[in-house]
Each structure stands twice: as structure tokens, then as C-alpha cells.
Amino acid sequence: MRRAAIPLLVLLLAGCGSSKTDIMFECPSPSGAKIATLYRITSGDAPGDQEMRVNIRKAGSELDTDMVSFAFRHGYDAIIHWNSEQQIIVEYPADAELTHQEPAVFGTSQSFSATDSISMSYQETPSTHGYFMVEKRCFNQP
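Residues -19 to -1, 1 to 123, numbered by mature numbering (1 follows the signal peptide of the UniProt record, and there is no 0), are exactly what the sequence shown covers, in order.
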């Protein structure tokens, strides 16, 4: 019995401490030169163990999950509006807990031109249990 318990314990502990990343959707800028990605980081099974994040980067570059422009918990959806190449609005569930919020994104931290910046605006929007009951979540036509 004791011999069987050790491998079982090893299997149980192997999953501890790891996080999982799921890309929910990507939203290109009007020109297609940049991309905003909504993704979820999950570190457990409880609702508080997941965080929704937005990353903005040069199109074609790989997602770096440590480069976060906006993040929230207790909400599971977002709507992204590109008003121009330099302005983006993110709608998030009204009951969400904001964990990270930047007023602007600069190219040096997100791998596009260092002289280029994107103004970020945020808007609370009523939701149904943290989700928006809409089909379209990406708006990129100014």
C-alpha cells in the first residue's frame, strides 16, 4: 500500500504551482500592424484562481504573457474597440476586480516602435455573470 502511495503523491504534486494560458480572442488594429489579445491565466479551479489579461503587441510577434496592459478577476469577458492605431477602449464586466490598468502602452515595452504609444481607456459594462451576451468582441474600424 505504501509503495502505491508514493507515486500517487508525486502525480498529485506534479500539477501544483503551474498555470495555464488560454487565448480567448485576438483583435487586430485598423491597419493590422498591432494586435490586442484577451487571454486567461488559470492557476487553480476556484474563480479567484483565474485572471483575464489584455496584451497589445506588434502583429506577428509572439504573445508574452508577462506583458500586461490590463487585467481583472471575477469577470470572464471583454470587448475591444480600436478607435485608431493610437487609441483603444476595453469594456470589461462591471463587477470585475481590476488588478492592473495602464493609461498608455509604449512601444518599448510591447515590441513596436519606441516613439509609438497607444492611449488606453476602460469602460465598465453590465454583464451576465461576468460574460457579455454578444457575438462580436472586436471592433477595429474607426
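Glycine is no exception: its CB is placed at the ideal position from the N, C-alpha and C atoms. Since the structure is predicted, the reported quantities are computational estimates derived from the model, not experimental observations.
Beta bridge counterpart(s) of residue i as assigned by DSSP
| i | result |
| --- | --- |
| Q82 | F51 |
| P74 | T106 |
| K15 | K39 |
| S100 | Q68, A85 |
| Y20 | I4, R34 |
| Y112 | T109 |
Presumed contact (8 Å Cβ cut-off) between residue i and residue j, rounded CB distance
| i | j | result |
| --- | --- | --- |
| V86 | S98 | 7 Å |
| V35 | A17 | 6 Å |
Beta-carbon proximity check, residue i vs residue j, cutoff 7 Å
| i | j | result |
| --- | --- | --- |
| A77 | L19 | no |
| S100 | Q68 | yes |
| T106 | E72 | yes |
| W63 | S(-1) | no |
| A40 | T80 | no |
| S50 | I61 | no |
| Y57 | Y103 | no |
| R54 | E32 | yes |
Run of the beta strand (DSSP E) containing residue i, from where it starts to where it stops
| i | result |
| --- | --- |
| P9 | 1 to 9 |
| M33 | 31 to 39 |
| S65 | 60 to 65 |
The ligand ZN heavy atom lying under 6 Å from the CB of residue i
| i | result |
| --- | --- |
| S42 | As far as ligands go, the structure on display features none, and thus does not contain the ligand ZN. |
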